[in-house]
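Engineer: Position in the sequence shown (from 1) plus 103 gives the number in my numbering.
We treat Cβ as the ideally placed atom computed from N, Cα and C, and that holds for glycine.
Fair warning: this is a prediction, and the values are worked out from it, not measured in the lab.
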Amino acid sequence: MEISEACVRVPHDKPYRYQVGDLTVTRGSAWSGPGCHDGCGVLMFTDKDGKLVRVEGDPDNPYNQGRLCCRCLALTEAVNHEDRLRYPLKRDPQFRGDASKWERITWEEAFDTIEERFKYYRDNFGAESVSFWKGTGRDIATYISRLAWSFGSPNLTSGINGIACYLPRVFGCQSTCGNFYVGDYSQQFADRYDNPAWKVPEIILIWGNNPIASNSDGLYGPWITDCMHRGSELVVIDPRLTWLASRAKYWLQIRPGTDAALAMGMANVIIKEGLYDHEFVERWCYGFDEFAERVSEWTPARVAEVCWVDEEEFVEASRAIAAADGMALQWGVAIDQTKEALPGSQAMFSIAAITGNLEKPGGMIVPPELLQYIGGWGSEFLSPEQKEKMLGLKEYPFYRSGVTNASDQLILRACETGEPYVQKAAWIQTSDLLTGTGPDPVRAEKALLLNEFNVGVDLFMTVTMNKLCDIVLPAATYPERNGIRVGDGVQHGETINKAVDGGEVKSDMEINLELGKRFNPEAWPWETVEDMYSYILEPTGLTFEQMQEEAPVYLPYEYYKYEKGLLRPDGQPGFNTPTGRVELWSTFYANLGMDPMPAYHEPAPSPYSTPDKYEDYPLIIITGCRDFNTFHSENRRQEHLRAIAPEPTLEIHPDTAAAYGVNDGEWVWVEGLYGRAKRMIKTTPAVDPRVVATTHGWSHPEAGLENNFDVDDLNINRLLDWDSVGECGVGSNYKSSLCRIYKVTDES
Ligand SMILES: Nc1nc2c(c(=O)[nH]1)N[C@H]1C(S)=C(S)[C@@H](COP(=O)(O)OP(=O)(O)OC[C@H]3O[C@@H](n4cnc5c(=O)[nH]c(N)nc54)[C@H](O)[C@@H]3O)O[C@H]1N2
Ligand SMILES: Nc1nc2c(c(=O)[nH]1)N[C@H]1C(S)=C(S)[C@@H](COP(=O)(O)OP(=O)(O)OC[C@H]3O[C@@H](n4cnc5c(=O)[nH]c(N)nc54)[C@H](O)[C@@H]3O)O[C@H]1N2
Ligand code: SF4
Ligand SMILES: [Mo]
Numbered sequence: 104m105e106i107s108e109a110c111v112r113v114p115h116d117k118p119y120r121y122q123v124g125d126l127t128v129t130r131g132s133a134w135s136g137p138g139c140h141d142g143c144g145v146l147m148f149t150d151k152d153g154k155l156v157r158v159e160g161d162p163d164n165p166y167n168q169g170r171l172c173c174r175c176l177a178l179t180e181a182v183n184h185e186d187r188l189r190y191p192l193k194r195d196p197q198f199r200g201d202a203s204k205w206e207r208i209t210w211e212e213a214f215d216t217i218e219e220r221f222k223y224y225r226d227n228f229g230a231e232s233v234s235f236w237k238g239t240g241r242d243i244a245t246y247i248s249r250l251a252w253s254f255g256s257p258n259l260t261s262g263i264n265g266i267a268c269y270l271p272r273v274f275g276c277q278s279t280c281g282n283f284y285v286g287d288y289s290q291q292f293a294d295r296y297d298n299p300a301w302k303v304p305e306i307i308l309i310w311g312n313n314p315i316a317s318n319s320d321g322l323y324g325p326w327i328t329d330c331m332h333r334g335s336e337l338v339v340i341d342p343r344l345t346w347l348a349s350r351a352k353y354w355l356q357i358r359p360g361t362d363a364a365l366a367m368g369m370a371n372v373i374i375k376e377g378l379y380d381h382e383f384v385e386r387w388c389y390g391f392d393e394f395a396e397r398v399s400e401w402t403p404a405r406v407a408e409v410c411w412v413d414e415e416e417f418v419e420a421s422r423a424i425a426a427a428d429g430m431a432l433q434w435g436v437a438i439d440q441t442k443e444a445l446p447g448s449q450a451m452f453s454i455a456a457i458t459g460n461l462e463k464p465g466g467m468i469v470p471p472e473l474l475q476y477i478g479g480w481g482s483e484f485l486s487p488e489q490k491e492k493m494l495g496l497k498e499y500p501f502y503r504s505g506v507t508n509a510s511d512q513l514i515l516r517a518c519e520t521g522e523p524y525v526q527k528a529a530w531i532q533t534s535d536l537l538t539g540t541g542p543d544p545v546r547a548e549k550a551l552l553l554n555e556f557n558v559g560v561d562l563f564m565t566v567t568m569n570k571l572c573d574i575v576l577p578a579a580t581y582p583e584r585n586g587i588r589v590g591d592g593v594q595h596g597e598t599i600n601k602a603v604d605g606g607e608v609k610s611d612m613e614i615n616l617e618l619g620k621r622f623n624p625e626a627w628p629w630e631t632v633e634d635m636y637s638y639i640l641e642p643t644g645l646t647f648e649q650m651q652e653e654a655p656v657y658l659p660y661e662y663y664k665y666e667k668g669l670l671r672p673d674g675q676p677g678f679n680t681p682t683g684r685v686e687l688w689s690t691f692y693a694n695l696g697m698d699p700m701p702a703y704h705e706p707a708p709s710p711y712s713t714p715d716k717y718e719d720y721p722l723i724i725i726t727g728c729r730d731f732n733t734f735h736s737e738n739r740r741q742e743h744l745r746a747i748a749p750e751p752t753l754e755i756h757p758d759t760a761a762a763y764g765v766n767d768g769e770w771v772w773v774e775g776l777y778g779r780a781k782r783m784i785k786t787t788p789a790v791d792p793r794v795v796a797t798t799h800g801w802s803h804p805e806a807g808l809e810n811n812f813d814v815d816d817l818n819i820n821r822l823l824d825w826d827s828v829g830e831c832g833v834g835s836n837y838k839s840s841l842c843r844i845y846k847v848t849d850e851s
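1. Name all residues in chain order for which at least one heavy atom of ligand 3 lies closer than 5 angstroms to the residue's CB.
2. Spatial neighbours of residue 296 within its chain, please: C-beta separation below 6 angstroms, excluding the five flanking residues on both sides.
3. Could you tell me whether the Cβ atoms of residue 726 and residue 756 are closer together than 9 angstroms?
4. Assess contact between the stretch 689 to 707 and the stretch 797 to 816, defined as three or more Cβ pairs (one per stretch) separated by less than 8 angstroms. Is contact present?
5. Rank 781, 774, 762 and 776 by C-alpha distance to the C-alpha of residue 768 and give the top, closest one.
6. Using CA atoms only, rank isn't needed, just tell me which of 735, 440 and 624 is closest to residue 254.
7. In angstroms, rounded to a whole number, what distance separates the CA positions of residue 508 and residue 138?
8. Please classify residue 198 as buried or exposed, where buried requires at least 16 neighbouring CB atoms within 10 angstroms.
9. Residues bridged to residue 430 by DSSP?
10. Kindly list the residues whose CB is nearer than 8 angstroms to the CB of residue 758, restricted to its own chain and excluding five residues on each side of it in sequence; keep chain order.
11. So residue 556 is in the alpha helix (DSSP H); what residue range does that whole segment cover?
12. Give the secondary structure of residue 577 by DSSP, where H, G and I count as helix, E and B as strand, and everything else as coil.
13. Could you tell me which residues DSSP pairs with residue 528 in its beta bridges?
14. Report yes or no: do the stretch 256 to 266 and the stretch 554 to 567 share at least 3 C-beta pairs separated by less than 8 angstroms?
15. Within the present structure, is the beta-carbon of residue 449 separated from the nearest heavy atom of ligand 2 by less than 8 angstroms?
16. Do residue 514 and residue 818 come within 9 angstroms of each other at the CB atom, strictly closer than that value?
17. So, helix, strand or coil for residue 453, using DSSP?
18. Are the CB atoms of residue 459 and residue 466 nearer to each other than 9 angstroms?
19. Considering only DSSP beta bridges, list what residue 847 is partnered with.
20. With the cut-off set at 9 angstroms, would you say residue 309 and residue 479 are in Cβ contact?
21. Classify residue 352 as buried or exposed, calling it buried when 16 or more other Cβ atoms lie within 10 Å of its own Cβ.
22. Less than 9 angstroms between the beta carbons of residue 795 and residue 844, yes or no?
23. Give the DSSP-derived three-state secondary structure of residue 459 in the structure shown.
24. Near residue 518, what residues of its chain come up, given a Cβ to Cβ distance below 7 angstroms and the 5 sequence neighbours on each side ignored?
25. Nearest by alpha-carbon distance to residue 343: which of 437, 848 and 646 is it?
26. Check whether chain B comes within 9 angstroms of residue 767, counting only Cβ atoms and requiring the distance to be less than that.
27. With a 10 Å radius around its C-beta and 16 neighbouring C-beta atoms as the bar for buried, classify residue 104 as buried or exposed.
28. Pair every Cβ in the stretch 437 to 446 with every Cβ in the stretch 315 to 330, then say whether three or more of these pairs are closer than 8 angstroms.
29. Run through the stretch 389 to 440 for me and flag every whole alpha helix (DSSP H) of 4 or more residues, listed as ranges in chain order.
30. Under the three-state reduction of DSSP, which class applies to residue 586: helix, strand or coil?
31. Could you spell out the range, first to last residue, of the alpha helix (DSSP H) harbouring residue 100?
32. Where does residue 803 fall in DSSP's three states?
33. For the beta strand (DSSP E) containing residue 121, name the first residue and the last one.
34. For the stretch 776 to 823, which segments carrying the alpha helix (DSSP H) assignment without a break, of at least 4 residues, lie completely within its bounds, in sequence order?
35. From 656, 629 and 167, pick the residue whose C-alpha is nearest to that of residue 642; which is it?
36. Along the alpha helix (DSSP H) that carries residue 346, what are the first and last residues, could you check?
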């Protein structure tokens, strides 16, 4: 049977585009840009002149059920902004950094130049001499990857040091059970909370995640509050008292970077007290005894000491988690963003496993993916010889297990040293590397300036584009282009529908299709991007145009797939691992020569691993907490969003602020081991007196490019370095570093 027949659809009483008085309404899904990777259902209103005047949540879309967060509500301020890039630009490389030297060019000239230069480097230095930088995983990422691979370069990277976003969680989970699991909030059903098979989670364990602000990784934050209204209780593990933490049954105020210890301790309580799901463990878990032995050293007293949590609260929270009938682990990027991220996520996931919460209503689910094209689409065009040259493969054997990201710090090193081979050019699409994506922007800038030719694609002229690039291409925002949303952990398929004519801007996909055809026509056989989308959608039996009307389209979903032989390619019952069980002792890691079980590594730097440094830098700093109104480096130009948080603040405990003699609203330098940045003091009891926290990606666009939007003073990633990645090349220090603070004065 074709998938399309088995799919569940949401009835619409109107076509995807209709008229309301003078306004045209276009139904669609929201994806970058501007940034977000959530894909809420939107209704875009355009006036007689075709201008976007309003955006509303689509009440018919089960995903967000008519709701939108402030960033989509303020979308007109991004789409219609006067600073938008509107035309392709070029600049003589000798004037890099000088914004007055950009010249408008035609798309033809831009494409011809890029084709000529990139082919020249490929022919003379190998395709690996061109690196591809792609920022966070937008719907665009798939086409950037395909462009890199079909060009022949294995050096494709997010620029997020240690691939420390999402993938450590995915690897940590897959290494244990063969799939990636997410919490069950009924998102897989078109009728959502009304679906009779679904049950509300008794406990949602929110770990290193702030979903109502971040709506991260295919989760719409208000689903958590929807579940709370239906009875869910929360356990929150976060060094900050977030809005959700303040409403939790248990809030464990963990010391940053110690999550693996806490998770092992939690597993230990659950095992020692016999609270685990005996039947599930017996039938479906592999390596339980070894695992129990490994976690046994993590007594509650030791957890309290290492993680700075209250011992009794910790034990009670562990018991509540074990007792819950339906526990959803809602894990976030904080888990990925400490140096040894893999064992931490492995430990956390083990808790969901031994408490029998896999594939159970209100527990953890593997949502069906309409299509699985996201992961390696186009990787077949990278020859084995080219793949072998991927930077990181030699240094980190773990990268051989299907990691498609090259190591960004090794690309920078190749720029700097020409080892193991030279770098000539960079393609930077949807990344503001020097404003907030990667650590140490000073090093990244110097390294990439050594390239002969850099090209950027963005919505705005960013500091990264202006400092590094020789050609900049203007990209479309989502109301200005078509696209599809399938795969990537979501449970439905839908389309991004063009509602606005963006003039000369092109969508990222159009840009990549055009260049792809020039680099490797075999890999890009489509006439238009819509043809390309229809090709991807083929297994559903729907063309792009049909999907525009039919979307969202849901796959049928079943619980307890492991019992029914629905998880393994061989159709046998069990999990998709070599032993067919949830491997608390991972054969996958063992085969890679890694520790098969979770372990705790003290973060470095930290009060305990580097006590000498702690003397000089006596505060732990968390960088990059999400807020409602910004997405990384974006949105600072949007008046209504900027008004919510006009300046970057440093969350600091009132006692600590008093000890340093600094007051609310005062500017301080926050200095770390590698550099410093300015922040405005915001006292709050929400953080431990020994810990401070701040947001990242800051700039003052109003300061102008002649002042680099003040990024040199504001980029908190100056405190971080590129070399602090986890042992296996995964994980880095964004969320746990050390700093000191002092007032900004004329002298300082
Ligand atoms: N200190 C600290 N640093 C962090 C983090 C942290 O927690 N702390 N988080 C890290 C994480 S998890 C991530 S994923 C990265 C994110 O890093 P990035 O993805 O680089 O972040 P953004 O600032 O959202 O986007 C970069 C650029 O993409 C442009 N853009 C947006 N939409 C589009 C589009 O549709 N097309 C094109 N061509 N351009 C577009 C924006 O204008 C912006 O200039 O940051 C990382 N950096
Ligand atoms: N509005 C908005 N939404 C976003 C983004 C954005 O920039 N803005 N970025 C998107 C991207 S790319 C990502 S990756 C996601 C990330 O989404 P989240 O996972 O929600 O990211 P954060 O807010 O950085 O971190 C979550 C929480 O972890 C806590 N935390 C910090 N350190 C630790 C620690 O060591 N242990 C524990 N247990 N908790 C810790 C922080 O205090 C914070 O409350 O959000 C996505 N959505
Ligand atoms: S989470 Fe917010 S910004 Fe993202 S698609 Fe939904 S409403 Fe838009
Ligand atoms: Mo991310």
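Structural biologist: Walking through what the data contain:
1. 133, 139, 141, 143, 171, 172, 174, 175 and 318
2. Your numbering for residue 296 matches position 193 in the sequence shown. Cβ neighbours of residue 296 beyond the five flanking positions: 289.
3. On the sequence shown, residue 726 is found 623 positions in, with the first residue counted as 1. On the sequence shown, residue 756 is found 653 positions in, with the first residue counted as 1. Residue 726 is not a Cβ neighbour of residue 756, given a cutoff of 9 angstroms.
4. The stretch 689 to 707 is not in contact with the stretch 797 to 816.
5. Against the sequence shown, residue 768 aligns to sequence position 665. Selected option, being the one with the closest Cα: 781.
6. Taking the first residue of the sequence shown as 1, we reach residue 254 at position 151. Ranking the options by Cα distance to residue 254, first place goes to 624.
7. What you label residue 508 is simply residue 405 of the sequence shown in a count that begins at 1. What you label residue 138 is simply residue 35 of the sequence shown in a count that begins at 1. Each residue's Cα considered, the two are about 21 angstroms apart.
8. Here residue 198 corresponds to residue number 95 of the sequence shown, with the count starting at 1. It counts as exposed.
9. The sequence position of residue 430 within the sequence shown is 327, counting from 1. Bridge partners of residue 430: 306.
10. Mapped onto the sequence shown, residue 758 falls at position 655. Cβ neighbours of residue 758 beyond the five flanking positions: 792.
11. In the sequence shown, counting from the first residue as 1, residue 556 sits at position 453. Residue 556 -> not in any alpha helix (DSSP H); beta strand (DSSP E) instead, spanning 556 to 561.
12. On the sequence shown, residue 577 is found 474 positions in, with the first residue counted as 1. In the structure shown, residue 577 sits in a strand (DSSP, three-state: E or B).
13. For the purposes of this step, residue 528 is taken as the residue at position 425 of the sequence shown. Per DSSP, 233 and 556.
14. no
15. Numbered from its first residue, the sequence shown carries residue 449 at position 346. With a cut-off of 8 angstroms, the C-beta of residue 449 is classified as distant from ligand 2, since no heavy atom of the ligand falls inside that distance.
16. Start at 1 with the first residue of the sequence shown, and residue 818 comes out as number 715. Start at 1 with the first residue of the sequence shown, and residue 514 comes out as number 411. Contact: no.
17. Here residue 453 corresponds to residue number 350 of the sequence shown, with the count starting at 1. Residue 453 falls in the helix class under three-state DSSP.
18. For the purposes of this step, residue 459 is identified with residue 356 of the sequence shown, where counting begins at 1. For the purposes of this step, residue 466 is identified with residue 363 of the sequence shown, where counting begins at 1. With respect to the 9 angstroms criterion, residue 459 and residue 466 are classified as neighbours on the basis of their beta carbons.
19. Stepping through the sequence shown from its first residue, residue 847 is reached at position 744. DSSP, once it has assigned bridges, lists no residue as partnering residue 847.
20. Position 206 of the sequence shown, counting from 1, holds the residue named residue 309. Position 376 of the sequence shown, counting from 1, holds the residue named residue 479. Result no, Cβ atoms of residue 309 and residue 479 do not sit closer than 9 angstroms.
21. On the sequence shown, residue 352 is found 249 positions in, with the first residue counted as 1. Classification of residue 352: exposed, given that the 10 Å Cβ count is below 16.
22. As a position in the sequence shown, residue 795 is number 692, starting the count at 1. As a position in the sequence shown, residue 844 is number 741, starting the count at 1. For residue 795 and residue 844, yes; Cβs fall inside 9 angstroms.
23. If you number the sequence shown from 1, residue 459 lands on position 356. DSSP places residue 459 in the coil class of the three-state scheme, outside both helix and strand.
24. Against the sequence shown, residue 518 aligns to sequence position 415. Closer than 7 angstroms at Cβ, skipping near neighbours: 526, 550, 551, 553 and 554.
25. If you number the sequence shown from 1, residue 343 lands on position 240. Out of 437, 848 and 646, 437 has the C-alpha closest to the C-alpha of residue 343.
26. In the structure shown, chain B cannot be found, because there is only a single protein chain.
27. By 1-based counting over the sequence shown, the position of residue 104 is 1. In this prediction, residue 104 has a pLDDT of 45, which is less than 50 and means its spatial position is unreliable; what the coordinates show is noted afterwards. Exposed.
28. no
29. 391 to 398, 403 to 410, 414 to 426 and 436 to 439
30. Your numbering for residue 586 matches position 483 in the sequence shown. Looking at residue 586 - three-state DSSP - the assignment turns out to be strand.
31. Absent from the model: residue 100. The displayed extent of the chain is 104 to 851, so no value can be given.
32. On the sequence shown, position 700 is the one that residue 803 refers to. Of the three classes helix, strand and coil, the one that applies to residue 803 here is coil, per DSSP.
33. As a position in the sequence shown, residue 121 is number 18, starting the count at 1. Element bounds for residue 121: 120 to 123.
34. 814 to 817
35. Locating residue 642 in the sequence shown gives position 539, where the first residue counts as 1. Nearest of 656, 629 and 167 to residue 642, Cα basis: 656.
36. Taking the sequence shown and counting its residues from 1, one reaches residue 346 at position 243. Note, residue 346: premise wrong, no alpha helix (DSSP H); not H, not E.
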